[in-house]
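Below: one structure, written as structure tokens.
Protein chains: 2
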Amino acid sequence: MGVPVARATTPRKEPLGTRQRILRAALRLFRQRGYHGVGINEILAIAKAPKGSLYHHFPGGKDQIATEVLEMISERVVEMIQAEAGPTTAEVMRGIGARLWQWMQSTAASGGDGACAVIAALAAEGDTAPPVALAARRAYERIAAALAQRLERQGLAPRAARERALLAIATLEGGGLVSQTMGEPSLFLAAVERAASLCEVASTRKGKPS
Amino acid sequence: MGVPVARATTPRKEPLGTRQRILRAALRLFRQRGYHGVGINEILAIAKAPKGSLYHHFPGGKDQIATEVLEMISERVVEMIQAEAGPTTAEVMRGIGARLWQWMQSTAASGGDGACAVIAALAAEGDTAPPVALAARRAYERIAAALAQRLERQGLAPRAARERALLAIATLEGGGLVSQTMGEPSLFLAAVERAASLCEVASTRKGKPS
DNA sequence: AAGGGACTAGACAGACCGGTCTAGCGCGAT
DNA sequence: ATCGCGCTAGACCGGTCTGTCTAGTCCCTT
Numbered sequence: 042m043g044v045p046v047a048r049a050t051t052p053r054k055e056p057l058g059t060r061q062r063i064l065r066a067a068l069r070l071f072r073q074r075g076y077h078g079v080g081i082n083e084i085l086a087i088a089k090a091p092k093g094s095l096y097h098h099f100p101g102g103k104d105q106i107a108t109e110v111l112e113m114i115s116e117r118v119v120e121m122i123q124a125e126a127g128p129t130t131a132e133v134m135r136g137i138g139a140r141l142w143q144w145m146q147s148t149a150a151s152g153g154d155g156a157c158a159v160i161a162a163l164a165a166e167g168d169t170a171p172p173v174a175l176a177a178r179r180a181y182e183r184i185a186a187a188l189a190q191r192l193e194r195q196g197l198a199p200r201a202a203r204e205r206a207l208l209a210i211a212t213l214e215g216g217g218l219v220s221q222t223m224g225e226p227s228l229f230l231a232a233v234e235r236a237a238s239l240c241e242v243a244s245t246r247k248g249k250p251s
Numbered sequence: 042m043g044v045p046v047a048r049a050t051t052p053r054k055e056p057l058g059t060r061q062r063i064l065r066a067a068l069r070l071f072r073q074r075g076y077h078g079v080g081i082n083e084i085l086a087i088a089k090a091p092k093g094s095l096y097h098h099f100p101g102g103k104d105q106i107a108t109e110v111l112e113m114i115s116e117r118v119v120e121m122i123q124a125e126a127g128p129t130t131a132e133v134m135r136g137i138g139a140r141l142w143q144w145m146q147s148t149a150a151s152g153g154d155g156a157c158a159v160i161a162a163l164a165a166e167g168d169t170a171p172p173v174a175l176a177a178r179r180a181y182e183r184i185a186a187a188l189a190q191r192l193e194r195q196g197l198a199p200r201a202a203r204e205r206a207l208l209a210i211a212t213l214e215g216g217g218l219v220s221q222t223m224g225e226p227s228l229f230l231a232a233v234e235r236a237a238s239l240c241e242v243a244s245t246r247k248g249k250p251s
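Protein chains in written order, with my numbering: chain A, 42 to 251; chain B, 42 to 251.
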């Protein structure tokens, strides 16, 4: 639906082009201030691109940028999930948490921000921009599916697997958010541990999924 | 710092006045779309008040409104925590969760929104509005303190109590957010249960807090 | 060498933003 | 009755927002 033009996966040349620079800048800014909190001029300034380029690559404007950012990072996380070789899903979770942690730290050092909950930042205010909210939902859906798949492989029923996956995501998002707001990075690590324990499947039955 | 005027707790008359209407409208809108996603004109339209009234009651403008909204709801939650009579903190947590759940449901029915993570919505983009971010932080701080107080009363060490309290808050916030984004209300209930289990203190020692 | 299309470049437009200002209403005190 | 003040009312202002438009550059193809 929508977005009639562009969206080149292998456009033609682009060694490391404008399009990517814009997406990266947008990712960073959206994470810091959410959808309505950033203007395209600001994105442009960071990406060092003129307006013409932006609307050439993203004829759908700000919405399209946000949507693609969401797709980009959800894809990245899904890859992490599938790539992590750890035996148990809990281990995988810890691995992802560690990588997100590094990511937060590095961007905090270079840019001055420090959250990871990009999707959250965009999802929280989708009410005025429905396509963005929808994209956020799809992003969660994809990540949850990848996580649930692993959980099922360990013998969990589909419904339970999905619920745990979503709960784990929620834990991470909430942890990242509160951790940033409070200025206590260690809190995020605690949340990661918490999410990981949620992915523990054997031994201690966890009961009441409803 | 700031806000030199007004802030009347018992102004003079006000049977159920403009000031409250503005705060309520702002609360609802901020919850739906975050700080930057809401314009004061919109708040005014819902509150059915003219601009003059707004700047009479809130000379600090939008920032002040957001700040007071944050204070209002954090106070409300703290009261809930202290009022809940349940013996264990876990029970208290469940009680709060249930009340937040009702609140979400009712506002969803009347207004069409459906999140509870107001603080999250405001905290997420405080970068451009530092006083708002600070207020969000204070709000979390107050709630966490109230929660931690109960946990300590059950024998937990201060540090551990605080960490668990913040983690519980994060779980609730994340749960509310993902639940709303995914359009699955039941997810919030699962998150509540998860937060409650985090407040279980005796019996099963939970290990590694760092 | 010449032509054409992808992309860059930024001036511009219209809408809307938060915030200020002056005017006036209504009620309680005197 | 009239005065004063808390509050309402909304026109207005400069600035910023997203998005459009025309020109121009650069490279790739032929």
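Think of the CB as a built atom: it goes at the ideal place given N, C-alpha and C, for glycine as much as any other residue. What you are looking at is a predicted structure, and each value in this text was computed from that prediction instead of being measured.
At least one C-beta of chain B is nearer than 8 angstroms to the C-beta of M223 (chain A). In chain order, V133, G136 place their CB closer than 7 angstroms to the CB of G127 (chain A), counting only its own chain and leaving out the 5 sequence neighbours on each side. Taking a beta-carbon distance threshold of 8 angstroms, I122 (chain B) does not count as an interface residue toward chain A. Any Cβ of chain B closer than 8 angstroms to the Cβ of E214 (chain A) would place that residue at the interface, and such an atom is present. In this structure, DSSP gives A198 (chain B) a state outside helix and strand, which the three-state scheme calls coil. By the Cβ criterion, the segment 64 to 75 of chain B is in contact with the segment 97 to 107 of chain B, since at least three pairs of Cβ atoms, one from each stretch, lie closer than 8 angstroms. The criterion of a C-beta distance shorter than 8 angstroms is not satisfied by A162 (chain A) and A180 (chain B). Measuring C-alpha to C-alpha distances from L208 (chain A) to each of A:Q195, A:L239, A:V219 identifies A:L239 as the nearest. In the DSSP assignment, V159 (chain B) falls within the alpha helix (DSSP H) that extends over 159 to 164. The three-state reading of DSSP puts A90 (chain B) in coil, since its state is none of H, G, I, E or B. For A176 (chain B), the secondary structure class from DSSP, reduced to helix, strand or coil, is helix.
No Cβ of chain A is located within less than 8 angstroms of the beta carbon of V119 (chain B).
A236 (chain A) and Q61 (chain B) have their C-alpha atoms spaced approximately 39 angstroms apart. Put simply, of A:G216, A:E120, A:K103, A:A67 the residue whose alpha carbon is nearest the alpha carbon of L188 (chain A) is A:E120. The Cβ of I210 (chain B) sits closer than 8 angstroms to at least one Cβ of chain A. Interface with chain A (8 angstroms Cβ-Cβ cutoff): E132 (chain B) is excluded. In the displayed model, Y76 (chain B) falls within coil according to three-state DSSP, outside both helix and strand. Contact annotation, A158 (chain B) with E214 (chain B): C-beta distance approximately 5 angstroms; criterion of less than 8 angstroms satisfied.
Between the segment 220 to 233 of chain A and the segment 193 to 201 of chain A, the count of C-beta pairs closer than 8 angstroms stays below three; the two stretches do not touch.
Around I122 (chain B), the same chain offers V133, I137, I184, A187, L188, R191 as residues with beta carbons nearer than 8 angstroms, after the five sequence neighbours per side are excluded. Chain order gives no chain B residues near L68 (chain A), where near means a beta carbon separation below 8 angstroms; the closest approach is about 15 angstroms.
Within the segment 183 to 208 of chain B, contact with chain A at the beta-carbon level (separation under 7 angstroms) is assigned to E204, L207, L208.
Closest in alpha carbon position to L141 (chain B), among B:A131, B:T129, B:R117, B:T130, is B:R117.
Separation of S115 (chain B) and F229 (chain B) (C-alpha to C-alpha, rounded to the nearest whole angstrom) is 19 angstroms.
Per DSSP, reduced to three states, the secondary structure at F99 (chain B) is coil, with no helix or strand assignment.
For P226 (chain B), the three-state secondary structure derived from DSSP is coil. Apart from the 5 residues on each side of it in sequence, E193 (chain A) sits with its Cβ closer than 8 angstroms to the Cβ of P199, A202 in its chain, given in chain order. Residue state for A189 (chain A) is assigned as helix, using DSSP reduced to three classes.
Chain-order list of chain A residues neighbouring A237 (chain B): empty, with the shortest C-beta distance near 11 angstroms, by a criterion of under 7 angstroms.
Residue burial is scored here from C-beta neighbours: Y96 (chain A) has fewer than 16 other C-beta atoms within 10 angstroms and is therefore classed as exposed. A66 (chain B) and V233 (chain A) have their C-alpha atoms some 36 angstroms from each other. Taking all protein chains in view, the Cβ of A231 (chain B) is crowded by 16 or more other Cβ atoms within 10 Å, so the residue is classified as buried.
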